[in-house]
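Undergrad:
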Amino acid sequence: MKYIKIVFALTFLTLGLHFSAAAQASPQQDTAVLQNILEKTKRLSQTQPVEKVYLHFDKPYYSVADTIWFKAYLSSEQNLPSQLSKIVYVDVLNEKDSLVTSLKLPVNNSVATGHIPLDLELYKQGNYYVKAYTVWMLNFPQEYYFTKTIAIGDAIDKRLFTNIKYNATQSDKSQTINARIQFRNEEKLPLSNKVVNWRMVSSYDVVAKGRGTTDQNGFLNVEINTKKENFIKSGELYTDLVLADKEILSSSFNIKPQVGNIDLQFFPEGGELYIGLPSQVAIKAVKPNGLGIDFTGNVTDNDGNQVTAISSSHLGMGAFYLNPEPSKTYKANITFKDGSKQVFQIPAAKASGVNLQVSNTLADVIGVKIVANEAYFQANKGKPLFLVAQHNNVVYYAAQTMLQNQVTSAKIPKDKFPSGIVQLTLFSATGEPASERLAFVLHKDALNLKISTDLATYKPRQKVKMTVTAQDSTKKIAGNFSVTVIDEQKVPFNDDAETTILSALLLTSDLQGYIERPNYYFNKINDKKVADLDVLLLTQGYRRFVYKDILANKYTPITYYPEQGMDITGTLRDRTGMPVKKGALRLTVTNKPISQEILTSPSGLFTFKNLNIPDSSEVVISAKYNANSNNMMIMLDQSPAAAITKNINAPDEVQNIDSTLNNYLANSKKQYRFLNNLKEVVIKGAPVKKVSHNDYSALTTLSMVADHQIDGERLGNCRDLINCLKTMATGLTFYENNFYITRDYNAGRRVPVQVFLAGTPVDLFSINGVNPSEIESIEIFLRDDVGTVSRTYNSNGVISINMKKVEKTKMSIADLKKMIPESNTLKFSPKGFSKDREFYAPKYLPGKTYNTTDLRSTIFWNPKVVTDATTGASSFEFYNADGKGTYKAIVEGLDVNGNPGRFIYRYTVK
31 MKYIKIVFAL TFLTLGLHFS AAAQASPQQD TAVLQNILEK TKRLSQTQPV EKVYLHFDKP
91 YYSVADTIWF KAYLSSEQNL PSQLSKIVYV DVLNEKDSLV TSLKLPVNNS VATGHIPLDL
151 ELYKQGNYYV KAYTVWMLNF PQEYYFTKTI AIGDAIDKRL FTNIKYNATQ SDKSQTINAR
211 IQFRNEEKLP LSNKVVNWRM VSSYDVVAKG RGTTDQNGFL NVEINTKKEN FIKSGELYTD
271 LVLADKEILS SSFNIKPQVG NIDLQFFPEG GELYIGLPSQ VAIKAVKPNG LGIDFTGNVT
331 DNDGNQVTAI SSSHLGMGAF YLNPEPSKTY KANITFKDGS KQVFQIPAAK ASGVNLQVSN
391 TLADVIGVKI VANEAYFQAN KGKPLFLVAQ HNNVVYYAAQ TMLQNQVTSA KIPKDKFPSG
451 IVQLTLFSAT GEPASERLAF VLHKDALNLK ISTDLATYKP RQKVKMTVTA QDSTKKIAGN
511 FSVTVIDEQK VPFNDDAETT ILSALLLTSD LQGYIERPNY YFNKINDKKV ADLDVLLLTQ
571 GYRRFVYKDI LANKYTPITY YPEQGMDITG TLRDRTGMPV KKGALRLTVT NKPISQEILT
631 SPSGLFTFKN LNIPDSSEVV ISAKYNANSN NMMIMLDQSP AAAITKNINA PDEVQNIDST
691 LNNYLANSKK QYRFLNNLKE VVIKGAPVKK VSHNDYSALT TLSMVADHQI DGERLGNCRD
751 LINCLKTMAT GLTFYENNFY ITRDYNAGRR VPVQVFLAGT PVDLFSINGV NPSEIESIEI
811 FLRDDVGTVS RTYNSNGVIS INMKKVEKTK MSIADLKKMI PESNTLKFSP KGFSKDREFY
871 APKYLPGKTY NTTDLRSTIF WNPKVVTDAT TGASSFEFYN ADGKGTYKAI VEGLDVNGNP
931 GRFIYRYTVK
């Protein structure tokens, strides 16, 4: 169903006693104020259309050596297929906010498929977060990107299993962290009476260390005490457990002390409390770790009289009604679930105002009330008020009324809006936003997905015939979907905590801040969950735009334009820097049948359009075919990239992966047992001396051992050395074209790090001309104990780029000329499209004997399920694994009208 947009013209239809609604009609009936609001909002929707990305994964968590399979859905207005972008980017970052993997995927029919191999060298046990976006989305805050936290365990050759609990207390002068760690062996038996050496690292400094012995149950208690100047905000606790044969088993734990009181906030419906105006007030209680905490309590006035009892209904959120009286103040007396008690002052009521109140309990209409208190009513009686309702920057409903009574009511049909969050804003006679409310609309019958199989019960390795059907309330419907089938015994998880296509596209992508357990509101919907979602919308702010800004013509500046394909752009200049017009350029891809020829524009600009270059390819651009080509230079434009930021969903991180993913990792250990034999073989011989800072006289006063080192091998796929350093340079922060030592930068000391290239001090941007394959290592020094370098270069810290030794040989002038790069030819490796790969699904022939055990946890993954408009169905086949129990099939996707859908189906294998 297509929903009609209100843009300019309005027709007024009586919906309530004093309320008129606008729906496509006569301009002469519009007021100038409402016309201005609609025009400014139309400009926003036309110049800054909303684009969203959602990733459907084959399962919620993984193990090292697994492959992550996913499908990307790209949508725009009304969740219809986006025509803006043809490329989507997927980044994987670790707990230290360092980029681990980045993919560039071509988008076809608004979908893309991809996979991420969890390589043993790149991925270790820990929490990672994935973000997906387009270049167009780089214009807007990263809250608009798709983000998801994914836990990755490690079961390969694992001999130590741990579980940690810790708490922190803090005063003005000191901080104490008490941790209790249990150590178990590979048989999950406690490692008792073992010596453990531990150290606490924060901001890359060891702030505490000690030694202890585990008790009979394998527990070790660690107490970490720090002073004010060394307070730990985020750090790592490293432990080394000593076995009887003096073998050491090491482990590490991320420590993020959460200190402070529980935060409780009040959110009056419509935005404010007013004297004599009964209003709903939402409450949200959040622990320092970002998760909600339940509570009970009451509200009392300044005379000590109880006004009402209050309690949370879900994840620390609840609501109550309050009618503020003149000269009265109110406070909430709260008892939290952990037993602690606090008293909170409720915001004071204002003397005059009007509120927008919403009742969203009916299936077909949104009930709206405009309620003015006595003071506001007397001052504004007879003046117009305007109501505008929009979804994703597009207005679908507009209305006006004259303030004739203190209460004005209306019912707005929900079929005017697409599914998702509707922002209702009340404007005063002068066009100022006076009150605002969010409401949620879900058209349950817009898309109904079903999964069926030829049988209800199967045997291991038996063929399964599965069919996905899609229909709306009246007919079968075409759509694009993805299906995953998992062994639920191996991959148990809480559906409420999942990120789904419903929770992502309809809810979290339009709200500010972290949303706890977002799929709770879409999983087996009932009246309580509808009410809980309404309270959530009272407590979470809409972040797409602020009406005051757009009415003042303050729009987000646009820097990046949508990518319609893979383009390589730049400028052709001569030696004097002047642009070369109508210059001939040829692009080729080494060892690939890809080439393109173009002429530059009058200003020397060039664009190679709609390329299809695989990742890790070498590209050559040549200007040799021009007259006087020896005097030409090819200058490439820099490719845009998303900034590295903190994980917005950090509260979703799993603290104890060993125990939380126990079932999954036990299976992974069997599945990847062949990798256990690939242990390192040490061949002793004469050590080869590698180049280090000690080989350069300017750096000999530094410590013999660097604080951190990046081996040259890690730079193999590096195309921009500065960007690589941003993610690899441990202990450093990049800001405004300089690197700084993180701990000093956070403390306010902004003295830049000095960069040395082969012992020579250089400007940071000059290192981008270095060939990464010629780098031996990069050493990072966070301190200069002698101070010689710091005083000489007025710097703080050192980055030493050590180049590989070049064997001295006799060289002719001709050989030397060959080594000098030609300015009219440019060789580089751009970020290309990631290679596609099919999910491997074995086929078992009846009567044939197989000697291997099928331990798959993802039984089947199909990202290309397309239903047709006639039957609304798509069928496919696959084979079960050896695991017995319940298998869980999940289908997600969008129909041709942009309606998102999700359905879960289970069958039995025995």
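Under our numbering, the first residue of the sequence shown is numbered 31, with each subsequent residue one higher. We treat Cβ as the ideally placed atom computed from N, Cα and C, and that holds for glycine.
By DSSP, does residue 565 sit in helix, in strand, or in coil?
TA: Note: residue 565 maps to helix in three-state DSSP.
Undergrad: List the endpoints of the continuous beta strand (DSSP E) containing residue 467.
TA: Where residue 467 is concerned, the enclosing beta strand (DSSP E) stretches over 463–471.
Undergrad: So, under 8 Å CB-CB, residue 509 and residue 924 are touching, yes? Tell me the CB distance rounded to an integer number of Å.
TA: Going by Cβ atoms, the distance from residue 509 to residue 924 rounds to 6 Å, so yes, they are a contact pair.
Undergrad: Whose CA, out of 704, 181, 175 and 322, lies closest to the CA of residue 154?
TA: Nearest of 704, 181, 175 and 322 to residue 154, Cα basis: 181.
Undergrad: I'd like the span of the beta strand (DSSP E) that includes residue 424, first residue to last.
TA: Its beta strand (DSSP E) spans residues 424–432.
Undergrad: Checking the sheet assignment: what are the DSSP bridge partners for residue 108?
TA: Beta-bridge pairing links residue 108 to no other residue.
Undergrad: Quick one: using the 10 Å Cβ neighbour count with 16 as the cut-off for buried, is residue 844 buried or exposed?
TA: Exposed.
Undergrad: If I follow the unbroken beta strand (DSSP E) through residue 63, where does it start and stop?
TA: Element bounds for residue 63: not the beta strand (DSSP E) but the alpha helix (DSSP H), 62–77.
Undergrad: Whole-angstrom Cβ separation of residue 163 and residue 672, contact assumed at under 8 Å?
TA: Going by Cβ atoms, the distance from residue 163 to residue 672 rounds to 6 Å, so yes, they are a contact pair.
Undergrad: Got a sec? Which residues, its chain only, sit under 6 Å from residue 940 by beta carbon, not counting five neighbours each side?
TA: The answer, listed in chain order, is 914.
Undergrad: Where does residue 765 land, buried or exposed, given buried means 16+ other C-beta within 10 angstroms?
TA: Residue 765 comes out exposed.
Undergrad: Would you kindly report the start and end of the unbroken beta strand (DSSP E) that includes residue 229?
TA: Unbroken beta strand (DSSP E) run through residue 229: 225–232.
Undergrad: Along the chain, which unbroken stretches of the beta strand (DSSP E) at least 3 residues long are found entirely within the segment 508–546?
TA: Those beta strand (DSSP E) runs which fall completely within the segment 508–546 and span 3+ residues are 509–517.
Undergrad: Going by DSSP in three states, residue 819 sits in which element: helix, strand or coil?
TA: Residue 819 falls in the helix class under three-state DSSP.
Undergrad: For residue 469 and residue 210, what's the separation of their Cα atoms in angstroms?
TA: Cα to Cα, residue 469 sits roughly 45 Å from residue 210.
Undergrad: Decide if residue 557 is buried, meaning its Cβ has at least 16 other Cβ atoms within 10 Å, or exposed.
TA: Looking at its Cβ environment, which holds fewer than 16 other Cβ atoms inside 10 Å, residue 557 is exposed.
Undergrad: Three-state secondary structure (DSSP) at residue 128?
TA: In this structure, residue 128 counts as coil in the three-state DSSP scheme.
Undergrad: Quick check on this structure: which residue in 271, 206 and 231 has the alpha carbon closest to the alpha carbon of residue 225?
TA: Per the Cα distances, 271.
Undergrad: Would you call residue 202 buried or exposed, if buried means 16 or more other Cβ atoms sit within 10 Å of its Cβ?
TA: So residue 202 counts as exposed.
Undergrad: Report yes or no: do the segment 790–800 and the segment 748–759 share at least 3 C-beta pairs separated by less than 8 Å?
TA: Short answer: they touch.
Undergrad: For residue 600 and residue 84, what's the separation of their Cα atoms in angstroms?
TA: If you take the alpha carbons of residue 600 and residue 84, they lie about 32 Å apart.
Undergrad: In terms of DSSP beta bridges, what is residue 322 paired with?
TA: Answer by DSSP bridge pairing, in chain order: 316.
Undergrad: Please go through the same chain and pick out, in chain order, the residues whose beta-carbon is closer than 6 Å to the beta-carbon of residue 47, but skip the five residues on each side of it.
TA: Residue confidence is low: residue 47 scores 36 on pLDDT, short of 50, so the model does not pin down where it sits. Its coordinate-derived value is still stated next. Result list for residue 47: empty, nothing under 6 Å.
Undergrad: Rounded to the nearest angstrom, how far is the Cβ of residue 511 from that of residue 521, given a contact under 8 Å?
TA: Between residue 521 and residue 511 the Cβ distance is about 20 Å, and since that is not below 8 Å, they are no contact.
Undergrad: Can you give me the start and stop residues for the alpha helix (DSSP H) that residue 407 sits inside?
TA: Taken as a continuous stretch (DSSP letters only), the alpha helix (DSSP H) holding residue 407 covers 404–410.
Undergrad: In whole angstroms, what separates the C-alpha of residue 58 from that of residue 582?
TA: Residue confidence is low: residue 58 scores 42 on pLDDT, short of 50, so the model does not pin down where it sits. Its coordinate-derived value is still stated next. Roughly 24 Å separates the two Cα atoms.
Undergrad: Grab me the residues of residue 417's own chain with a C-beta within less than 6 Å of its C-beta, minus the 5 sequence neighbours each way, in chain order.
TA: Same-chain partners within the cutoff: 429 and 456.
Undergrad: With DSSP as the reference, label residue 453 as helix, strand or coil.
TA: DSSP places residue 453 in strand when its eight states are reduced to three.
Undergrad: What residues in its chain sit with their C-beta under 6 Å from that of residue 712, if we drop five residues either side in the sequence?
TA: Caution is warranted here: a pLDDT of 46 is assigned to residue 712, below 50, making its placement in the model unreliable, and the coordinate value is therefore given only provisionally. Correct list: empty, nothing qualifies.
Undergrad: Suppose you measure from the CA of residue 117 to the CA of residue 675; what does that come to, to the nearest Å?
TA: Rounded to whole angstroms, residue 117 to residue 675 spans 21 Å at the Cα level.
Undergrad: Heavy atom of the ligand MG less than 8 Å from the Cβ of residue 634, yes or no?
TA: The model depicted lacks the ligand MG and carries no ligand whatsoever.
Undergrad: Would you call the segment 383–400 and the segment 420–438 in contact, with 3 or more CB pairs under 8 Å?
TA: A contact exists between the segment 383–400 and the segment 420–438.
Undergrad: Please state the DSSP three-state secondary structure of residue 802.
TA: Helix, per DSSP.
Undergrad: Leaving out five residues on either side along the sequence, give the residues of the same chain with a beta carbon under 8 Å from the beta carbon of residue 938.
TA: 486, 487, 488, 915, 916 and 917, listed in sequence order.
Undergrad: For the beta strand (DSSP E) that contains residue 460, what are its first and last residues?
TA: Where residue 460 is concerned, there is no enclosing beta strand (DSSP E), given that its DSSP letter is neither H nor E.
Undergrad: Hey, how far is the Cα of residue 419 from the Cα of residue 639?
TA: So the alpha carbons of these two residues sit roughly 40 Å apart.
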